[in-house]
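Only one structure is covered here, and it is reproduced in the block below.
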Amino acid sequence: MKLIVENLALSRGGQQIVSGISFELTAGEALVVTGENGSGKSTTLRGVAGLLPLDHGQVCLFDETGKQFEEPVREYCHYLGHKNALKQNLTVRENLTFWQDFMGDTLLSVEEALEEVNLSHTIDLPSNYLSTGQKRRVAIAKLLVSDRPIWILDEPTSGLDAQSVDMFSHHIKAFCEDGGILIVATHLPLGLKDTKTLKIGTEPL
Amino acid sequence: MIALLKREIVSSWRSGSGALMGVLFFLTVVTVFPFAVGPDTRLLTQLAPAILWIGALLASLLGLDRLFTQEREDGSLDLLVMQSHPLMLTIFIKASAHWFTTGLPLVLATPLFGIMLNLSPAAVGVTMVTLLAGTPAISFIGTVGAAVAVKLPRGGMLISILVLPLVIPVLIFGIAAIAGASNTSQPFTGPFLFLCAITLFTSVLGPLAASVMLRHSAD
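Sequences listed follow chains L and G, in order.
If you read the first sequence in the numbering used here, its first letter stands for residue 944, the second for the next number, and so on.
If you read the second sequence in the numbering used here, its first letter stands for residue 397, the second for the next number, and so on.
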């Protein structure tokens, strides 16, 4: 599987934020997107995830034989943005079960996924009782309940303590070793080896 | 998709702005009318179907702002639009859930309010049938208003302003059907079938327009 992003340009509110973004990722590779605050990291990730109309360029996904997938790339992606996509008044179990049913392609059961992020004890609590870090961990568990070959993560470690960051690095490593394609915007070193790096918004003066 | 329907209904029920709130609002509107109209029961009987319809119309608008704005605020909207399910179908299910939690309880509460307005059992029955056929259209049209106002943090009022003019045909045919049932000089079947047609028509067009709107308002 190969993800090719070519000459991407994206705007927000009529102003072009990023342009000329190109990269290629094959199965098992990770791309770390870095840049200052406001440089357009999130915009780039949303563009790749198909959540923003592209001004220019294209995002394509090819299988092993070099054939392009007909469906939009977004259908192959997990997207974890700044918000966790959890309904406050539903329990953790209800939230995860819903996303698992809605996204399809079951990978781990809800119980197993929560076990992976050390939150088994919160399974029947309403989501709004959880702390910021715990909510983030539930959102990470959401990546594990459905199988998607591409993970697009925007500052996934915000709100996590050191121990949870380790747990998270372990998961993304396992994901890449299984042949997943990872695109992550982060300021923290996540312990990934052989990553590609995309630096946004640092044109030399 | 069943999962989505279940989630919407459970979430709406727990948030407290669903069924009960709609019925209570309906009750308030219906209760205020007799005070405004005065103690003339004959006049009240005559106005009752209109009062019930307007009450139901206003109550159905409640919760439309929750349809997409809240999803956007908690980040769920991104994931809902990314999946392989047709977005139109997702919106159709959300609109149906909105009807189950606001429209349907209003229909079921109508007999109680009919008594308050001095309506005969037969007239209550006809009003219920027309509301049953007509209120889904309000939810479906409502998706368009909700999709337009999705980025506005306090878009509830705007949604009402956008949606109310669009549901006037529903109101016209609903009231015409009730008049037809109680008055032999006017037809019932014609307006009633029009009402059903509007609901079917909007069940396709509403989610379609809303899905186009949501795709283009992505940010």
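Every residue gets a Cβ at the ideal spot worked out from N, C-alpha and C, and that includes glycine.
- Separation of I1124(L) and L423(G) (C-alpha to C-alpha, rounded to the nearest whole angstrom) is 55 Å.
- For the stretch 946-1015 of chain L, the full-length beta strand (DSSP E) segments reaching 3 residues or more read 958-969, 973-977 and 999-1005 along the chain.
- Chain G has no Cβ within less than 8 Å of the Cβ of M944(L).
- The stretch 1032-1040 of chain L and the stretch 984-1004 of chain L do not touch, with fewer than 3 CB-CB distances between them shorter than 8 Å.
- The beta strand (DSSP E) runs lying completely inside the stretch 1114-1140 of chain L and spanning 3 residues or more are 1124-1128, given in chain order.
- As a beta-bridge residue in DSSP terms, C1020(L) pairs with I1093(L).
- With fewer than 16 neighbouring CB atoms inside 10 Å of its own CB, H1130(L) falls in the exposed class.
- Put simply, of R1091(L), G1009(L) and Y1072(L) the residue whose alpha carbon is nearest the alpha carbon of L1029(L) is Y1072(L).
- Annotation for S556(G): the continuous alpha helix (DSSP H) segment containing it runs G552 to L562.
- Of all alpha-carbon atoms in V520(G), L502(G), S492(G) and A505(G), the one lying nearest the alpha-carbon of L443(G) is that of V520(G).
- The alpha carbon of L439(G) has as its nearest neighbour, out of P532(G), G576(G), L515(G) and A614(G), the alpha carbon of L515(G).
- The shortest C-alpha to C-alpha distance from L508(G) to any of T497(G), T498(G) and M524(G) is the one to M524(G).
- Each residue's CA atom was taken as its position, placing V600(G) and N1061(L) some 44 Å apart.
- Nearest CB-CB separation between G418(G) and chain L: not below the 8 Å threshold.
- What V406(G) touches in chain L, judged by beta-carbon distance under 8 Å, is L1033 and E1037, going in chain order.
- Under the three-state reduction of DSSP, K1030(L) is assigned to coil, being neither helix nor strand.
- Residue range V1035 to M1046 is occupied by the alpha helix (DSSP H) that includes N1038(L).
- Under DSSP, T1049(L) shares a beta bridge with S1089(L).
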